[in-house]
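Chemist: Chains as they are written, first to last, in my numbering: chain A, 492 to 876; chain B, 52 to 223. Ideal Cβ positions, reconstructed from N, Cα and C, are used throughout, including at glycine. My questions all concern the structure below.
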Amino acid sequence: MDRLYFKDKNDCSKEITSYSHTTWKGIRLYDGDSKTEYRSETAYLTPSRLYFSSNDRPAMNMVLDLKCVVLVEEEEGSILRSSKIILHLLPHISEQHSKPYTRSSASFIKLAFSNGGLSHFKICIQKSLLERAWEKHTESSSTSHSAPMAFRSGIVGIERRLQEKVENNSSSIQVAFQDMKNLIDMAKDMVQLASVMSSKIKDRHGDISDDETVKFKSYLLSLGIEDPVTRNACSSSNMFCQHLAKEITTFLLTPISDSGGFMSLSDAYCRVNRARGFELLSPEDFFQACNYMEQLNLPLTCRKFESGVLVLQLQSETNSQLEKDTETLLQARRKLTAFEVSQELGISIILAAECLYTMERKGVLCRDDTVRGLVFYHNEFSSRT
Amino acid sequence: MEFSWPWEYDFPPFFTLQPNLDTQKKQLEAWRKLVIDYCHHNKIFVLDVQESIPLFQNKTIDRQLSSEGIKRVLEILQENNQIEWCDKSKKQCFVYWKTPQEWGNLIYCYIIDKGMTNTVCTLYELTEGDDVKNEEFAGLDKSMLLKALETLEASKKAEVIMFGGSEGVKFF
Numbered sequence: 492m493d494r495l496y497f498k499d500k501n502d503c504s505k506e507i508t509s510y511s512h513t514t515w516k517g518i519r520l521y522d523g524d525s526k527t528e529y530r531s532e533t534a535y536l537t538p539s540r541l542y543f544s545s546n547d548r549p550a551m552n553m554v555l556d557l558k559c560v561v562l563v564e565e566e567e568g569s570i571l572r573s574s575k576i577i578l579h580l581l582p583h584i585s586e587q588h589s590k591p592y593t594r595s596s597a598s599f600i601k602l603a604f605s606n607g608g609l610s611h612f613k614i615c616i617q618k619s620l621l622e623r624a625w626e627k628h629t630e631s632s633s634t635s636h637s638a639p640m641a642f643r644s645g646i647v648g649i650e651r652r653l654q655e656k657v658e659n660n661s662s663s664i665q666v667a668f669q670d671m672k673n674l675i676d677m678a679k680d681m682v683q684l685a686s687v688m689s690s691k692i693k694d695r696h697g698d699i700s701d702d703e704t705v706k707f708k709s710y711l712l713s714l715g716i717e718d719p720v721t722r723n724a725c726s727s728s729n730m731f732c733q734h735l736a737k738e739i740t741t742f743l744l745t746p747i748s749d750s751g752g753f754m755s756l757s758d759a760y761c762r763v764n765r766a767r768g769f770e771l772l773s774p775e776d777f778f779q780a781c782n783y784m785e786q787l788n789l790p791l792t793c794r795k796f797e798s799g800v801l802v803l804q805l806q807s808e809t810n811s812q813l814e815k816d817t818e819t820l821l822q823a824r825r826k827l828t829a830f831e832v833s834q835e836l837g838i839s840i841i842l843a844a845e846c847l848y849t850m851e852r853k854g855v856l857c858r859d860d861t862v863r864g865l866v867f868y869h870n871e872f873s874s875r876t
Numbered sequence: 052m053e054f055s056w057p058w059e060y061d062f063p064p065f066f067t068l069q070p071n072l073d074t075q076k077k078q079l080e081a082w083r084k085l086v087i088d089y090c091h092h093n094k095i096f097v098l099d100v101q102e103s104i105p106l107f108q109n110k111t112i113d114r115q116l117s118s119e120g121i122k123r124v125l126e127i128l129q130e131n132n133q134i135e136w137c138d139k140s141k142k143q144c145f146v147y148w149k150t151p152q153e154w155g156n157l158i159y160c161y162i163i164d165k166g167m168t169n170t171v172c173t174l175y176e177l178t179e180g181d182d183v184k185n186e187e188f189a190g191l192d193k194s195m196l197l198k199a200l201e202t203l204e205a206s207k208k209a210e211v212i213m214f215g216g217s218e219g220v221k222f223f
């Protein structure tokens, strides 16, 4: 009963009169299951409120906002009891009104219809509840004041929140990619600038000493590959791979020669991409380009070890040099691990291991495999007998 | 006399089964020779695979041959007819550092030498008796002895006879 409040009759007479056809007389109100003093009320149902008026209160009407109503139920009567309508109500919303009850333990009220009309009332109020006219009313009137329901529970609320999240994400992704694009554009400018500068240096030999020119040029070169091959610049993917193969060869020839004639494909991939700086290669493109090297008769080739490890190696160089070095090392030490070989010869551990495996397959080495690790010895089974 | 281990025994890779098949072949051959020599030196007639003997492990360099390795070595020995499994569980095997045939011949030569043909002697005195102390077949395992005598029986040079719960053999 504490959800009902009093309102001046004059304030609501207009609303009531326009809904005079939804009027029921002789209604008794119950707070929960207990009777109240309001035993002969007239109920007026409008789209958003339920009014109770009585001759006992000439100036005041009692009001129940329909937005407080959760559920309408009908309580079957018996011989001694009349049928009643039960209105289950939302928890108390504190508003400054004078009320018939300031506090009530019951979360529902009951209406008894002594003059009949119960089922009609039920139909009408359920219809009003479905239409939710009070929501429309607040929406249209609340265009100016910006406090719509920020939080809504239930499935609709969850869906709404998910939708918001998706929108936020997509907008932030877009922003991120805009940044990337800027970066790429900037890098392009930078490289162009570098190439312009290098050509200028070429022209103006007099101003700077040769030594400085060389130094500056080497700085520029370490910036990366000046004019990287891109997919767009090539007519077919075939052409692209061939050009790429050439570019990779030119770039890696020196580093590979320096590191014993071998470089694992993953190392090579990183180096090339680092040199390109932008217009990065996919591993797939890189691998395909490497496969073209042999066909194009380039000084580098791609080779697969039996374990599946891929390397780029100098065409001129078979494993022999590396193996010779390893053998020299072995003579000094009697036994070798892949780690020692990689340390001494300045190659990666994978490559060192591959070299040792190859030598083992050739019968030059034999292994001592224990929990302490894999150690290779000179194959004395062959040499001693 | 101390057994003189071959150089391989101190070479750590000897105890790792080599993946290179050529190398492995040489390795297994070295193992085969070692097993025979070791058993010969220590007069081992029956080898127990599960028993821990210094043969398959070298404590000085802290290495031992894996069970897979031991299996491969014994397979090679079997291919060379130098071992024979005692039963199907493959836990024990006869080691033929001399074949039963060779044992038979040795014994028979001894008998001829001593002029003991046409006499009956017990199996015990043939291997454990004082007279044979200095012969090579002294201490010969009984099941190995029976195998040796079987080969002599096959060539009609001897006959194993049972009398009163003990076994004897008569040479011709």
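1) So, with DSSP's three-state summary, where would you put A:Asn552?
2) Is B:Cys172 helix, strand or coil by DSSP?
3) For the putative contact between A:Phe769 and A:Ile675, defined by C-beta atoms under 8 Å, what is the C-beta separation to the nearest angstrom?
4) For the beta strand (DSSP E) that A:Glu506 lies in, which residues bound it at each end?
5) Can you confirm whether the region 110-123 of chain B touches the region 58-73 of chain B when touching is taken to mean that 3 or more C-beta pairs between the two stretches lie within less than 8 Å?
6) Is the shortest distance between the beta-carbon of A:Ser873 and the beta-carbons of chain B less than 8 Å?
7) Would you say B:Lys77 faces chain A, with C-beta separation under 8 Å as the test?
8) I believe B:Ile37 touches B:Trp148 by the beta-carbon criterion, under 8 Å. Please report the beta-carbon distance rounded to the nearest angstrom.
9) Which word fits A:Ser619, buried or exposed, when buried means at least 16 other C-beta atoms lie within 10 angstroms of its C-beta?
10) Mind checking the region 845-860 of chain A against chain B and listing, in chain order, the residues whose C-beta falls within less than 7 Å of any C-beta there?
11) Report yes or no: is there a C-beta of chain B within less than 8 Å of the C-beta of A:Tyr868?
12) Going by beta carbon distance, what residues of the same chain come within less than 7 Å of A:Arg494, once the five residues before and after it are set aside?
13) Determine the direct distance from the alpha carbon of A:Lys627 to that of A:Gly517, and round the result to whole angstroms.
14) Use the C-beta contact count for B:Gly155: other C-beta atoms within 10 angstroms, 16 or more gives buried, fewer gives exposed.
15) Exposed or buried, B:Trp82, counting other C-beta atoms within 10 Å across all chains shown (16 or more means buried)?
16) List the endpoints of the continuous beta strand (DSSP E) containing B:Leu98.
17) Identify the contact partners of B:Asn71 in chain A, using a Cβ-Cβ distance below 9 Å as the criterion.
18) Looking only at C-alpha atoms, which of A:Trp515, A:Ile840 and A:Lys672 sits nearest to A:Ser610?
19) With distances taken from CA atoms, which of A:Ile600, A:Arg824 and A:Leu787 is nearest A:Val561?
20) Let me know if B:Tyr60 comes out buried or exposed under the rule of 16 or more other beta-carbons within 10 Å of its beta-carbon.
21) Three Cβ pairs or more, each shorter than 8 Å: is that satisfied between the region 809-828 of chain A and the region 725-745 of chain A?
22) Do we get a CB-CB distance below 8 Å when we pair B:Thr150 with the residues of chain A?
23) May I ask you to list the residues that DSSP assigns as paired with B:Phe214?
24) Return no unless some Cβ of chain A is closer than 8 Å to the Cβ of B:Phe145.
25) Applying the 10 Å Cβ sphere with the 16-neighbour rule, what's the burial state of B:Asp164?
26) Does the distance from the CB of A:Gly854 to the CB of B:Asn71 come in under 8 Å?
27) Taking the beta carbon of B:Met213 as the centre, do at least 16 other beta carbons fall within 10 Å, making it buried, or is it exposed?
28) Whose C-beta lies closer than 6 Å to the C-beta of B:Lys184 among residues of the same chain, with five residues either side of it excluded?
29) What does B:Pro64 reach in chain A if we use C-beta pairs closer than 7 Å?
30) Beta strand (DSSP E) containing A:Thr593: first to last residue?
31) Is the Cβ of B:Ala81 closer than 8 Å to any Cβ of chain A?
32) Does any residue of chain A have a CB that is nearer than 8 Å to the CB of B:Thr111?
33) Using three-state DSSP, classify B:Trp148 as helix, strand or coil.
34) Measuring only the C-alpha atoms, how far is A:Val563 from A:Leu602?
35) Between the alpha carbons of A:Phe796 and B:Asn93, how many angstroms are there, rounded?
36) In the structure shown, what three-state DSSP assignment does A:Tyr529 receive?
Modeler: To lay it out plainly:
1) strand
2) strand
3) 5 Å
4) First-last for A:Glu506: Lys500 to Thr508, but that is the alpha helix (DSSP H), not the beta strand (DSSP E).
5) yes
6) Proximity of A:Ser873 to chain B, defined by a Cβ-Cβ separation below 8 Å, is satisfied.
7) yes
8) The requested residue 37 of chain B is not part of the displayed model; chain B covers only 52 to 223.
9) buried
10) Glu851, Arg852, Gly854, Cys857, Arg858, Asp859 and Asp860
11) Yes, A:Tyr868 lies at the interface with chain B (some Cβ there is under 8 Å from its Cβ).
12) Leu555, Cys559, Leu580 and His583
13) 31 Å
14) buried
15) buried
16) Val97 to Asp99
17) Glu851, Arg852, Lys853, Gly854, Leu856, Cys857, Arg858 and Asn870
18) A:Trp515
19) A:Ile600
20) Counting Cβ neighbours within 10 Å, B:Tyr60 comes out buried, since at least 16 surround it.
21) no
22) no
23) B:Ser217
24) For B:Phe145, the answer is no, since every Cβ of chain A falls outside 8 Å of its Cβ.
25) exposed
26) Taking 8 Å as the cut-off, the Cβ atoms of A:Gly854 and B:Asn71 count as close.
27) exposed
28) none
29) Against B:Pro64, the close residues of chain A are Cys857, Arg858, Asp859 and Tyr868, in the order they occur along the chain (beta-carbon pairs closer than 7 Å).
30) Taken as a continuous stretch (DSSP letters only), A:Thr593 belongs to no beta strand (DSSP E), as it is neither H nor E.
31) yes
32) no
33) coil
34) 11 Å
35) So the two alpha carbons sit approximately 47 Å from each other.
36) In the structure shown, A:Tyr529 adopts coil according to DSSP, grouped into three states.
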